[in-house]
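Engineer:
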Amino acid sequence: MNFYTQELLKGQRALVTGGSSGIGAAVCRALAKVGAKVVVNYVSDAVGADQLVNEIEAEGGTAIAIQADVSIEDDVKRMFSEMIDAWGSIDILVANAGIQWDAPFHEMTLEQWNKVLAVNLTGQFLCAREAVNEFNRRGVISDISCAAGKIICMSSVHDIVPWAGHVNYATSKGGLLMFMKSLAQEVAHNRIRVNGISPGAIKTPINRHAWETHEAEAELLTLIPYQRVGDPMDIGHAAVWLASDASDYMTGTTLYIDGGMTLYPGFREGG
Ligand code: BGC
Numbered sequence: 677m678n679f680y681t682q683e684l685l686k687g688q689r690a691l692v693t694g695g696s697s698g699i700g701a702a703v704c705r706a707l708a709k710v711g712a713k714v715v716v717n718y719v720s721d722a723v724g725a726d727q728l729v730n731e732i733e734a735e736g737g738t739a740i741a742i743q744a745d746v747s748i749e750d751d752v753k754r755m756f757s758e759m760i761d762a763w764g765s766i767d768i769l770v771a772n773a774g775i776q777w778d779a780p781f782h783e784m785t786l787e788q789w790n791k792v793l794a795v796n797l798t799g800q801f802l803c804a805r806e807a808v809n810e811f812n813r814r815g816v817i818s819d820i821s822c823a824a825g826k827i828i829c830m831s832s833v834h835d836i837v838p839w840a841g842h843v844n845y846a847t848s849k850g851g852l853l854m855f856m857k858s859l860a861q862e863v864a865h866n867r868i869r870v871n872g873i874s875p876g877a878i879k880t881p882i883n884r885h886a887w888e889t890h891e892a893e894a895e896l897l898t899l900i901p902y903q904r905v906g907d908p909m910d911i912g913h914a915a916v917w918l919a920s921d922a923s924d925y926m927t928g929t930t931l932y933i934d935g936g937m938t939l940y941p942g943f944r945e946g947g
């Protein structure tokens, strides 16, 4: 399905962290389809990133792959320099890279805690800081967008839904919710928009165990009133809208894209 014109993000330069697979890859495809140039960031999956770049280019889009670990400050600075050297600036940051490293709380190691917080939360800080500095340096170019820049923080329903066995992950996403709002408040007067997307269960490698067998999927669907597991492109389409001037008056807000997972499905009959 193609909801948008091919010109919607024409001339805009986007960076998608964790762009080589899952939700990130769908966001790269969706942005490229409407005319944005896309940096596909990856940490270790060079093959996946190159394949995606080739696919986007085969369809007439423009993309490059840049390796960087978003939790390492020097990597992030290098990635932004490479992007700005290549294309002059950045208009859209989709801070998407995220990991799960699950454990029952009493067994969770400090390494598991630190790693998840480093990628999911500190990674967003490091990338957003570089983007904000570049947006402020450049200011608004009205031919390109009403805003000086747009940041989309990829969060999760678990920024408001507690998740036993995943305390590190849910904490990182809960922190991200307030990161997004506080940053939005701080930079709005510079015409920088910061919003979040909180996906529910989307079919990607991160949660394969939860949907790949029939039994697992049936169990998962008890948590989803809309009765289907999400497709990565459900998120891709929303990212396009949030990155475009169609959402120009929106900042500091989160789109929950979850088939109703955050509607307390148990209360349909209970309570
Ligand atoms: C997690 C998935 C999970 C989904 C819904 C996401 O943030 O990464 O593993 O299926 O939330 O619970």
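If you count the sequence shown from 1, position 115 lands on 791 in the numbering used here, and the numbers rise without skipping. Where is the CB? At the ideal position from N, CA and C, for every residue including glycine.
Opposite ILE717 in the DSSP bridges: which residues?
Structural biologist: In the sequence as presented, Ile is not what sits at residue 717; that position holds Asn. Paired residues: ILE742.
Engineer: Would the stretch 747-756 and the stretch 792-810 be scored as touching if the rule is three or more Cβ pairs under 8 Å?
Structural biologist: Enough Cβ pairs lie closer than 8 Å, so yes.
Engineer: Taking 6 Å as the line, does the beta carbon of ALA653 fall inside it for any heavy atom of the ligand BGC?
Structural biologist: Any property of residue 653 remains undetermined from this structure, which presents the chain solely from 677 to 947.
Engineer: Specify whether the stretch 762-778 and the stretch 821-835 touch according to this definition: at least 3 beta carbon pairs, one from each stretch, less than 8 Å apart.
Structural biologist: Short answer: they touch.
Engineer: Ignoring anything shorter than 3 residues or poking outside the stretch 831-903, list the beta strand (DSSP E) runs there in chain order.
Structural biologist: The qualifying runs are 868-875.
Engineer: Could you please go through the chain and list the residues whose beta-carbon is closer than 6 Å to any non-hydrogen atom of the ligand BGC?
Structural biologist: Checking every Cβ against the heavy atoms of the ligand BGC under 6 Å gives GLN776, SER832, VAL833, HIS834, GLY876, ALA877, ILE882, ASN883 and ALA886.
Engineer: Using three-state DSSP, classify ILE828 as helix, strand or coil.
Structural biologist: Strand.
Engineer: In terms of alpha-carbon separation, which member of TYR845, VAL816, ASP819 and VAL714 lies closest to ASN763?
Structural biologist: Looking at the sequence itself, residue 763 is Trp, so the reference to Asn does not match. Comparing Cα positions, the closest option is VAL714.
Engineer: Tell me whether the beta-carbon of ILE768 lies closer than 7 Å to the beta-carbon of ALA824.
Structural biologist: No; because the gap between Cβ atoms is not below 7 Å, this pair is not in contact.
Engineer: Could you tell me whether the stretch 932-942 touches the stretch 880-900, where touching means 3 or more Cβ pairs closer than 8 Å?
Structural biologist: With a cut-off of 8 Å, the stretch 880-900 and the stretch 932-942 count as touching, because enough Cβ pairs lie within range.
Engineer: Is LEU685 closer than 7 Å to GLY711 when the C-beta atoms are compared?
Structural biologist: Yes, Cβ-Cβ distance for GLY711 and LEU685 is below 7 Å.
Engineer: Below 8 Å CB to CB, which residues in the same chain sit around ARG904 once its five sequence neighbours on both sides are set aside?
Structural biologist: So the qualifying residues of the chain are LEU897 and GLY935.
Engineer: Taking the alpha carbon of GLY912 as the point to measure from, which residue in GLU945, GLY872, GLY841 and ALA722 has its own alpha carbon closest?
Structural biologist: Among GLU945, GLY872, GLY841 and ALA722, the Cα nearest to that of GLY912 belongs to GLY872.
Engineer: From ASN717 to HIS885, what distance separates their C-alpha atoms?
Structural biologist: Their backbone Cα atoms lie some 25 Å apart in a straight line.
Engineer: By DSSP, does GLY912 sit in helix, in strand, or in coil?
Structural biologist: The answer is helix: DSSP assigns GLY912 an H, G or I state.
Engineer: DSSP three-state label for ARG906, please.
Structural biologist: This sequence places Gly at residue 906; Arg is not what is there. Correct three-state label for GLY906: strand.
Engineer: Let me know if ASP745 comes out buried or exposed under the rule of 16 or more other beta-carbons within 10 Å of its beta-carbon.
Structural biologist: With 16 or more Cβ atoms within 10 Å of its Cβ, ASP745 is classed as buried.
Engineer: Quick check on ILE994: does DSSP put it in helix, strand or coil?
Structural biologist: Residue numbering for the chain in the displayed model covers 677 to 947; residue 994 lies beyond these limits and cannot be assessed.
Engineer: My output table needs one value for ALA922: the three-state DSSP class, helix, strand or coil.
Structural biologist: Correct three-state label for ALA922: helix.
Engineer: Within 10 angstroms of the Cβ of GLN688, are there 16 or more other Cβ atoms? Answer buried if so, exposed if not.
Structural biologist: With 16 or more other Cβ atoms within 10 Å, it is buried.
Engineer: Run through DSSP, which three-state label would LEU691 get?
Structural biologist: If DSSP states are grouped into helix, strand and coil, LEU691 belongs with the strands.
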